[in-house]
Amino acid sequence: MISKIVGGITPSATCELEGLIGSMKKEGIDVVALNIGEPDYKTPENICQACKDAIDARKTTYVATAGVPELRQAICRKLQRDNGLTYAPEQICVSTGAKQALFNAVMAVTNPGDEVIIPTPGWVSYVEMVKLVGGIPVCVPCKDDFQLDVAAIRAAVTDKTAAIIINSPNNPTGAIYTLESLQAMADLAVEKDIYIIADEIYEKLAYGGCKHYSVAALSPEAYEHTIVINGMSKAYRMTGWRCGYTAAPRHLAGGINSLQGHMTSNSTTFVQWAAIEALDNGEPEVQQMVEEFVRRRDYAYDRVSKMAHVSCTKPDGAFYLMPDVSWYFGKKAGDRVIKDSFDMSEYLLQQYHVAVVPGGAFMSPGTLRIAYTNSMEEIKRGLDRIEEALAALKD
Ligand code: PMP
Ligand code: GLU
């Protein structure tokens, strides 16, 4: 029999959908993919070259669990340069993607039965990670504009609370949390002696003058109560390379290292050398990509917010839009009743061949997540299909 813990988790909706679309495309179906959270741009040449050089130099052996010293030093330089954060290499643990870094962080601070607060809408894996370590996820809805509801989060803290997961810029909403709300989270964590797990994987994708702030940088006490999560996937287009990291206060860093030592050991050695190149020399390409995402965001937001009976908050970062389509729930396509966001995304995929993720997977039942991680032409085709599909729904 499968264990209660593993039997009790929900599969990742984003990963499952990606598999399904892959098979539809193989069958020759013209699917417009507005589902996956990964840049459509390929990994820059200099990063690939650094990896090839590392393989040629046979940097292919086991290394220290937490990563080669050169990469941990490069991460420390990055955190200082971009976030004003001072870490020593022994506070960094390089992992198999930010996903593993997050799992390490959740496991490092959560005892069985502890509560972890997750503002919602929130990324699909947070709730399941908390459940996997025997913790209890406590979901706290954001305000209508997708900003943190500071008062509600404060009210949700109990003597069992271990941590709050903060993800800004946010997947799935694209919100960037205000400095005031992040300061309130930092103060709350210090006052209640709980941790902030700060998932900053989208930090470079901030648009129109909106600024990303690192919670750990807000005060020396906040630093001691925060585990920073970041990685190479989104900024440097290295999703498949699987390279992320934690930067943790000294009293947690050793434990995270030991945990990983029993799970996976070091993340792929030659990828770590490519990551050094990304962090040290990757910025110009990031900036070009950001300019394109701003164009796409503006176009997609404009189109979606003009669709009949659809409302949408303008996102400031990441590469997602989260329109509310709940007006259409209860309507029919032929005999098929669209009851919720899961039905809606299935209907869009099966009948109109456009892929988006149901908001329900992110604990946002009235919405869909649209990723503008595809070319302008594809975004246009996809939005045309969504518009047509919605217009075809009848009472
Ligand atoms: N956090 C969030 C909010 C994400 O969207 C993702 C994307 N998979 C991750 C973490 C994990 O990123 P990685 O590819 O580095 O594992
Ligand atoms: N984070 C991305 C997404 O939300 C990639 C898939 C995943 O890891 O969940 O689409």
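Residue numbers (the working numbering): 3 to 397. Glycine residues also receive a C-beta, built at the ideal position from the N, C-alpha and C atoms. Just so it is clear, the structure is predicted and the values come from calculations on it, not from any experiment.
Cβ-heavy atom distance, residue i to ligand 2, below 6 Å
i, result
"I203", "no"
"S170", "no"
"T175", "no"
"T45", "no"
"T16", "yes"
Heavy atom of ligand 1 within 6 Å of residue i beta-carbon
i, result
"K61", "no"
"N37", "no"
"R241", "First, the amino acid is wrong: residue 241 is Thr here, not Arg. Yes; taking the cut-off as 6 Å, the Cβ of T241 has a heavy atom of ligand 1 nearer than that."
"K145", "no"
"K101", "yes"
"W275", "no"
"S235", "yes"
"G361", "no"
"G21", "no"
"G319", "no"
"G124", "no"
"G246", "yes"
Rounded straight-line distance, which links the Cα of residue j to that of residue i
i, j, result
"S377", "V34", "10 Å"
"I198", "T375", "29 Å"
"R252", "P46", "34 Å"
"E202", "S347", "28 Å"
"L73", "N268", "12 Å"
"G362", "L81", "34 Å"
"I7", "Y89", "35 Å"
"V312", "S14", "26 Å"
"G242", "Q149", "30 Å"
"D147", "T315", "6 Å"
"L87", "Y128", "25 Å"
"G103", "C78", "Position check: residue 103 holds Ala in this sequence, whereas Gly was assumed. So the two alpha carbons sit approximately 16 Å from each other."
"L281", "T271", "16 Å"
"K396", "P360", "20 Å"
"V358", "I138", "28 Å"
"G257", "N173", "28 Å"
"A107", "K206", "22 Å"
"E389", "I31", "20 Å"
"D342", "S221", "43 Å"
"S5", "M291", "43 Å"
"P123", "K28", "32 Å"
"F336", "W329", "Checking the sequence, you will find Gly at residue 336 rather than Phe. Spanning the two alpha carbons is a distance of roughly 18 Å."
CB-CB length for residue i against residue j, believed under 8 Å
i, j, result
"L181", "Y209", "The pair is not a contact, with the Cβ atoms about 17 Å apart (cut-off 8 Å)."
"A255", "V230", "Contact flag wrong, Cβ pair sits at about 11 Å."
"G176", "L323", "6 Å"
"Y204", "A320", "4 Å"
"V404", "L385", "Lying before the first or after the last residue shown, residue 404 is absent from the chain, which here runs from 3 to 397."
"V356", "R387", "4 Å"
"I2", "L36", "With the chain represented from 3 up to 397, any question about residue 2 goes unanswered, as that position is not in the structure."
"P286", "R299", "No, P286 and R299 are not in contact; Cβ-Cβ is about 21 Å, not under 8 Å."
"T112", "A165", "7 Å"
"N169", "W125", "6 Å"
"S130", "I11", "Note that residue 130 corresponds to Glu in the displayed sequence, not to Ser. At roughly 5 Å, the Cβ-Cβ gap stays under 8 Å, so E130 and I11 are in contact."
"V217", "A200", "5 Å"
"L273", "C17", "The sequence given here places Val at residue 273; Leu does not occur at that position. The pair is not a contact, with the Cβ atoms about 20 Å apart (cut-off 8 Å)."
"V142", "M109", "Rounded, the Cβ-Cβ distance is 22 Å, inconsistent with contact."
"P121", "C144", "5 Å"
Whole beta strand (DSSP E) elements within the segment 127 to 177, 3-residue minimum: 138 to 143 and 163 to 169
Are the segment 244 to 264 and the segment 68 to 78 touching, with three or more C-beta to C-beta distances below 8 Å? yes
Three-pair Cβ contact test at 8 Å for the segment 37 to 45 versus the segment 153 to 168: no
Are the segment 233 to 247 and the segment 274 to 281 touching by the rule of at least three beta carbon pairs closer than 8 Å? yes
For the 8 Å Cβ check, are there 3 or more pairs between the segment 104 to 124 and the segment 157 to 172? yes
For the segment 51 to 121, which segments carrying the alpha helix (DSSP H) assignment without a break, of at least 4 residues, lie completely within its bounds, in sequence order? 71 to 85 and 99 to 111
Quick one: complete alpha helix (DSSP H) runs, 4+ long, within the segment 249 to 312? 252 to 265, 271 to 283 and 285 to 307
Secondary structure, beta strand (DSSP E): runs of 3+ residues fully inside the segment 14 to 39: none
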